[in-house]
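Trainee: Numbering (our numbering), first residue to last: 249 to 679. The C-beta atom is built at its ideal place from N, Cα and C for all residues, glycine as well.
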Ligand SMILES: Cc1cc2nc3c(=O)[nH]c(=O)nc-3n(C[C@H](O)[C@H](O)[C@H](O)COP(=O)(O)OP(=O)(O)OC[C@H]3O[C@@H](n4cnc5c(N)ncnc54)[C@H](O)[C@@H]3O)c2cc1C
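So this is what it looks like as structure tokens:
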């Protein structure tokens, strides 16, 4: 089997861009063509229409995690116990939540103003569980949302069955404010609507980045780029560039997308409107019924710094199939059209990277599985930090605690694998 992201495959033709060659100079270099890099490029162009802006992508723009995610434009992340147990926990959650809501609004504005066709739906999202072991966590979510003024409703089994078309889930919490999208179409639209002043290079991985006098130098396979300022938006690949390697690490996720439901299957699901379900367990399944009537499942996450090879992906596809059949036993045949893997960037305390790394180099990333909205807002704000453009939101981003320290490899590998095995066992019933 091949690793083919369904969203990317279904997004239509992509604009292609040249590879980077030669020795060049620029006012701004942006490394990474995901939500963070795209938002940063747009912001610089808006603030400084005369600047030379070069965006460099190692593979294809919008086809990394940005095009391969589950498409939740997350407004209200799962509130962990920290969000209720201490005043600082609640303040930390509220700060991220304010950024996420600003990120959803900013993304929606872009979708509307550039008429980006990306199946955007203001459906909010549902945290739901099948196992009674997780009901306490869901009630905790509902309470935490209520305490923080977030609009949320508890849904019982009957309400869930009616809304989702499956009897699998027994308790859920619907929270509003977020949206669902086809992420590859969103990213493609964001890239294609960038101001002309943004020059894009693809298939041009930056191999080395160093601060140099009053600028920075990027080394690529076929050239070098000297930039006055650099924005790093490479997310899970930060450690490979020598950035935040003692703070952040990648997790490899896999997902599958089915073919569109048949008429008989539509009857089975009760012609339910599109929905998105998240698990209260970090390693439980993410599920969607998409606008184009397919079902998405993402039910694995693992610490594999070298990525997911094809035999492993085939095994993970088997787990997706089991997860689908548990929820939709009537699904005919294999039904899965696409299976793929992707990386998220994680820190031990779930805090993002948002910082000035040196005089001329700035980095934003590491949003767990909440980077659609958060990447869009943090990509904008990291430019504001670099250009000294004050705002309350920038103060909020600056106030976030930094990712906590993690031990070096191979010590960290052992700790991460042990922790993931524990989380997997905890989340098993929700896969
Ligand atoms: C399966 C899956 C499901 C997810 N579900 C959701 C979800 O439903 N909702 C949500 O909000 N988030 C979700 N996420 C997380 C979300 O996709 C990320 O948080 C988001 O993409 C981060 O955006 P980014 O631009 O910071 O990084 P990325 O999207 O990772 O983009 C970074 C880019 O940098 C490029 N790059 C890396 N190294 C270099 C280099 N050296 N030189 C040049 N370019 C380089 C990469 O090729 C990539 O294109 C999910 C992720 C995965 C994998």
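1) Counting only the same chain and skipping the five closest in sequence on each side, list residues whose C-beta sits under 7 angstroms from that of residue 289.
2) Could you check the C-alpha separation between residue 409 and residue 416 for me, to the nearest Å?
3) How would you call residue 535, buried or exposed, if buried means at least 16 neighbouring beta carbons within 10 angstroms?
4) The beta strand (DSSP E) spanning residue 352 covers which residue range?
5) Can you give me the Cβ contacts of residue 241 inside the same chain, cut-off strictly under 6 angstroms, excluding the 5 residues immediately before and after it?
6) Going by DSSP, name the residue or residues bridged to residue 546.
7) State yes or no: is the C-beta of residue 287 within less than 7 angstroms of the C-beta of residue 624?
8) Pick helix, strand or coil for residue 479, following the three-state DSSP scheme.
9) Please report the residue range of the beta strand (DSSP E) in which residue 591 lies.
10) In whole angstroms, what is the alpha-carbon distance linking residue 674 and residue 477?
11) Does the beta-carbon of residue 495 have 16 or more other beta-carbons within 10 angstroms, so that it is buried, or is it exposed?
12) Just to check, is the beta-carbon of residue 501 closer than 6 angstroms to a non-hydrogen atom of ligand 1?
13) Report buried or exposed for residue 462, applying the criterion of at least 16 other Cβ atoms within 10 angstroms of its Cβ.
14) Specify the secondary structure class of residue 514 as computed by DSSP and reduced to three states.
15) Any heavy atom of ligand 1 closer than 6 angstroms to the beta-carbon of residue 352?
16) Threshold first: 4 residues or longer. Then list the alpha helix (DSSP H) segments lying entirely within the stretch 255-311, N to C.
17) Grab me the residues of residue 305's own chain with a C-beta within less than 6 angstroms of its C-beta, minus the 5 sequence neighbours each way, in chain order.
18) Which residue or residues does DSSP assign as beta-bridge partners of residue 400?
19) Which same chain residues end up closer than 7 angstroms to residue 682 when comparing Cβ atoms and leaving out the 5 residues on each side of it in sequence?
20) Spatial neighbours of residue 317 within its chain, please: C-beta separation below 6 angstroms, excluding the five flanking residues on both sides.
Mentor: Quick look at the numbers:
1) Counting from one through the chain shown, the residue named residue 289 turns up at place 41. So the qualifying residues of the chain are 278, 301, 303, 442 and 446.
2) In the chain shown, counting from the first residue as 1, residue 409 sits at position 161. In the chain shown, counting from the first residue as 1, residue 416 sits at position 168. Residue 409 and residue 416: Cα-Cα distance of roughly 8 angstroms.
3) The residue you call residue 535 lines up with position 287 of the chain shown. Buried is the call here.
4) The residue given as residue 352 occupies position 104 in the chain shown. Premise fails: residue 352 lies in the alpha helix (DSSP H), 335-361, not in any beta strand (DSSP E).
5) Any answer about residue 241 is impossible in this case: the structure gives the chain only from 249 up to 679.
6) Along the chain shown, read from residue 1 onward, the residue named residue 546 stands at position 298. Secondary-structure assignment with DSSP links residue 546 through a beta bridge to 534.
7) Here the question's residue 287 lines up with position 39 in the chain shown. Here the question's residue 624 lines up with position 376 in the chain shown. The Cβ atoms of residue 287 and residue 624 sit closer than 7 angstroms to each other.
8) In the chain shown, the residue the question calls residue 479 occupies position 231. In this structure, residue 479 counts as strand in the three-state DSSP scheme.
9) Indexing the chain shown from 1 puts residue 591 at position 343. For residue 591, the enclosing beta strand (DSSP E) has its first and last residue at 584-595.
10) Taking the first residue of the chain shown as position 1, residue 674 is located at position 426. Taking the first residue of the chain shown as position 1, residue 477 is located at position 229. Cα to Cα, the separation comes out at about 44 angstroms.
11) In the chain shown, counting from the first residue as 1, residue 495 sits at position 247. The Cβ neighbour count for residue 495, taken over all protein chains shown within 10 Å, is at least 16; the residue is labelled buried.
12) Counting from 1 along the chain shown, the entry for residue 501 is found at position 253. Checking the Cβ of residue 501 against ligand 1 gives yes.
13) Looking up residue 462 in the chain shown gives position 214. Exposed.
14) For the purposes of this step, residue 514 is taken as residue 266 along the chain shown, with counting starting at 1. If DSSP states are grouped into helix, strand and coil, residue 514 belongs with the helices.
15) The residue you call residue 352 lines up with position 104 of the chain shown. No, Cβ of residue 352 sits at least 6 angstroms from all heavy atoms of ligand 1.
16) If only uninterrupted alpha helix (DSSP H) runs of at least 4 residues are considered, those enclosed by the stretch 255-311 are 283-295.
17) In the chain shown, residue 305 corresponds to position 57, counting from 1. Excluding five sequence positions before and after residue 305, the CB atoms of its chain that fall closer than 6 angstroms to its own CB belong to 281 and 450, given in chain order.
18) Locating residue 400 in the chain shown gives position 152, counting from the first residue. Residue pairing of residue 400 in beta bridges, as defined by DSSP: 423.
19) Nothing can be reported for residue 682: it is not among the residues displayed for the chain, which extend from 249 to 679.
20) Within the chain shown, numbered from 1, the residue matching residue 317 stands at position 69. Its chain contains 431 as the residues whose beta carbon lies nearer than 6 angstroms to that of residue 317, once the 5 sequence neighbours on both sides are disregarded; these appear in chain order.
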